[in-house]
Amino acid sequence: MTDRERVPDPTASAHQPLLSARKVRKSFGGVEVLKGISLDVAAGQVMCLLGPSGSGKSTFLRCINHLERIDGGRISVDGELVGYAARHGRIFEMNRREVAKQRRGIGMVFQRFNLFPHMTALENITAAPIGVRGLPKPAARDRGRELLDRVGLADLAQSYPAQLSGGQQQRVAIARALAMDPQLLLFDEPTSALDPELVGDVLDVMRALAADGMTMVVVTHEIGFARGAADEVVFMDAGIVVESGPPARVLDNPQNPRTQAFLDSVI
Amino acid sequence: MPNLPLARPGPDAPPIDDPDPRNRRADDIDAVPLRHPWRWVIAVVLLLVFAGVAVSLWQNDNVNHPTISEFIFDRRILDGVVLTLVLTIVSMAVSTVLAVLLAVMRLSNNPVMNALSWLYIWAFRGTPLLIQIVVWGYLGLLYAQITLGVPFTDFSLFSMDTNTLIPAFTAGLLALTLNQAAYSAEIVRAGMLSVDEGQYEAAYSVGMSPTFTLFKVVLPQAMRVIIPPMGNETISMLKNTSLLSVIAVLELYTVATQISSQNLRQVELLVVVSCWYLFLTSMLSIPQYYLERHYGRGNARSLPPTPLARVWKILRPVPRPTTNRADAP
């Protein structure tokens, strides 16, 4: 692991984006789900991915932190190729431990929360900082409480996930992702599994994160959130980027008929 | 809606079927509780049957009761009990570690590990335990010497007479452990498969390595599914130790047969042995409660009661309206 070097992405320019995807392709059993996705996210930006279900948004998101291995193209985060390392002048596919190390810088929030049910809210947050990073327990707990406070759940540190509402669970999940101090946060439909009245709390936390300058890629169906918080909106359909740009243009004045049709059906 | 005066229980109202009249409100129905006469009939019939069997056993002239009380705390029997317990605990502990290893191998993407684990389970689960015990016990007939060295060369690190290296106790322990590992591996595998795929993804997304994920995220959750059948296996193991009598390991059953071959009190000694097995299996279920409670933490369903709580429940059969709902606040 010590001789692992960052693979400088040759396509990255001097003014490089934090996340850069070039012609990313991915197939599942002969079905091409991603047909060459290219996009850039600059540090501090919020990008919302919109599109009908099956358009490949979630798959693309999972490729960014190598939960799915891409079949073609390249993804780099902070100028470092995802899933590949250079040793002795050659590029090697990373083993699982190296991938795990790389993922520390990329947080992810899931549709179904995926909290660890046998741990309290606080333990969910501190497990990785203590076990993966070797942070001393008291420091990790202090930081965990601070993060819980930040997502508005300071008094629920000792609750188990089953004792929390969906909205509370998702906010704990956001705090868990933040605990590793990621430079990039991925959200996979974070409010789709929530009761309507709980969506607002989660979106508020996400807006606060965006305002704090967190770089975020958000797969969502919340058009209102995309309009208010996103710097760029990307509309995907059938594995390609159909249209992208600032929310005012893509959401309020879409050029592509597929985008128009989707927005009409959602709003 | 028919205009029955049904009380609608508010959030703080007691349930409508609360048998305690003090908890009843003025507008609740004052009804005669449902009676269960057949429960009484069946209970009486069963009690009569049990009493009949007990009396017939007690009055059976072929059973010499003083012999039972003479041997139940006999020194040799107690030594047998200790050995049986040691065999059970050691073989269960070691086989569980092996089982986790086998289950992880079986679920890994490595085809060699996968095949090896499959082969192991196939061989040890597919042949009778009794035969495995005999093979280990009489390994000296197969290999007079056991040598550790490099295959197909003369180099040897160590060589020893098989019967010295593996006495009957070790052979028995090996047989029970290796056989149990094959069964337990499938239980552990089932437990690991019961853990949601999203748990792995969540663990990986915060940078946990596969090994860390296994021990901190997957196995603790799998334990909830693993422990009840493992309790079963432990009880089976306790009784399967009696099979070691075929290779003359001096556990409880072997000791009893040795005594009865001298005093010809076979039935009495079998009663003695059965009493001990019953006692030991009853004792084994106590740690199971606590393990289940420990690994059930965070689960929405209420935890299983402790043995004390169970006794308490029997003594106080009227349940209070419990509020063990783990609904979201």
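Line by line, the protein sequences are chains A and B.
Under full-length UniProt numbering, residue 267 is the last one in the first sequence; the count climbs by one each step, no gaps.
Under full-length UniProt numbering, residue 329 is the last one in the second sequence; the count climbs by one each step, no gaps.
Even for Gly, the Cβ is constructed at its ideal location relative to N, Cα and C.
Simplified DSSP state of residue i, which is helix, strand or coil
i, result
"Q183 (chain A)", "coil"
"V233 (chain A)", "strand"
"T96 (chain B)", "helix"
"A42 (chain A)", "coil"
"M283 (chain B)", "helix"
"Y138 (chain B)", "coil"
"R90 (chain A)", "strand"
"G36 (chain A)", "strand"
"V250 (chain A)", "helix"
"M47 (chain A)", "strand"
"G80 (chain B)", "helix"
"P17 (chain A)", "coil"
"R258 (chain A)", "helix"
"Y84 (chain A)", "strand"
"D264 (chain A)", "helix"
"V53 (chain B)", "helix"
"E292 (chain B)", "helix"
"G239 (chain A)", "coil"
Test: residue i CB closer than 8 Å to a CB of chain B
i, result
"R104 (chain A)", "yes"
"T2 (chain A)", "A caution first: T2 (chain A) carries a pLDDT of 43, below 50, which makes its placement in the model unreliable, though a value can still be read off. Cβ-Cβ to chain B under 8 Å: no for T2 (chain A)."
"M236 (chain A)", "no"
"G30 (chain A)", "no"
"A230 (chain A)", "no"
"K101 (chain A)", "yes"
"L67 (chain A)", "yes"
"F60 (chain A)", "no"
"Q16 (chain A)", "no"
"N253 (chain A)", "no"
"P138 (chain A)", "no"
"Y84 (chain A)", "no"
"P190 (chain A)", "no"
"A127 (chain A)", "yes"
"M119 (chain A)", "yes"
Other residues of its chain near residue i: CB distance less than 6 Å, five sequence neighbours each side excluded
i, result
"T84 (chain B)", "T241, E251, L252"
"S260 (chain B)", "Q266, L269"
"A121 (chain A)", "L156, A157, S159, V172"
"P220 (chain B)", "none"
Exposure label - residue i; buried when at least 16 CB within 10 Å
i, result
"V205 (chain A)", "buried"
"D252 (chain A)", "exposed"
"I131 (chain B)", "exposed"
"F60 (chain A)", "buried"
"T254 (chain B)", "buried"
"G172 (chain B)", "buried"
"K57 (chain A)", "buried"
"V90 (chain B)", "exposed"
"E232 (chain A)", "buried"
"C275 (chain B)", "exposed"
"A248 (chain B)", "exposed"
"N324 (chain B)", "With a pLDDT of only 47 at N324 (chain B), under 50, the local geometry of the prediction cannot be trusted, and the value read off the model is given with reservation. Answer is exposed; the Cβ neighbour count stays below 16."
"L148 (chain A)", "buried"
"S156 (chain B)", "exposed"
"L47 (chain B)", "exposed"
"L4 (chain B)", "Confidence is the limiting factor: at L4 (chain B) the pLDDT is only 48, short of 50, which leaves the residue's position unreliable and the question unanswerable from this model."
Residue-level contact to chain A via CB, residue i, 8 Å cutoff
i, result
"V225 (chain B)", "no"
"R325 (chain B)", "In this predicted model, R325 (chain B) has a pLDDT of only 46, less than 50, meaning its place in the structure is not dependable enough to derive any value."
"Q199 (chain B)", "yes"
"N110 (chain B)", "no"
"N299 (chain B)", "yes"
"P220 (chain B)", "yes"
"V94 (chain B)", "no"
"A190 (chain B)", "no"
"K216 (chain B)", "yes"
"residue 344 (chain B)", "Residue 344 (chain B) is absent from the model: chain B starts at 1 and stops at 329."
"A202 (chain B)", "yes"
Interface residues of chain E facing residue i [CB-CB closer than 9 Å]
i, result
"V132 (chain A)", "Chain labels in this structure do not include chain E; the protein chains are A and B."
Proximal residues to residue i (C-beta, below 7 Å), its chain only, five neighbours per side dropped
i, result
"Y120 (chain B)", "L102, A182"
"S27 (chain A)", "V33, D71"
"E93 (chain A)", "G83, Y84"
"I68 (chain B)", "E268, V271, V272"
Residues of its chain near residue i, where Cβ-Cβ distance is below 8 Å and the 5 sequence neighbours each way are ignored
i, result
"Q145 (chain B)", "S159, M160, D161, T162"
"V135 (chain B)", "L142, A175"
"M223 (chain B)", "G191, L291, Y295"
"L214 (chain B)", "V104"
| request: Ignoring anything shorter than 4 residues or poking outside the stretch 143-207 of chain B, list the alpha helix (DSSP H) runs there in chain order. | output: 162-165, 168-193, 197-205
| message | Please give me, in chain order, every unbroken run of the alpha helix (DSSP H) with length at least 4 that falls completely inside the stretch 133-157 of chain A. | response | For the stretch 133-157 of chain A, whole alpha helix (DSSP H) runs of length 4 or above, ordered along the chain, are 137-150.
| task | Give, in chain order, every unbroken run of the alpha helix (DSSP H) that is at least 4 residues long and sits entirely within the stretch 216-253 of chain B. | result | 219-240
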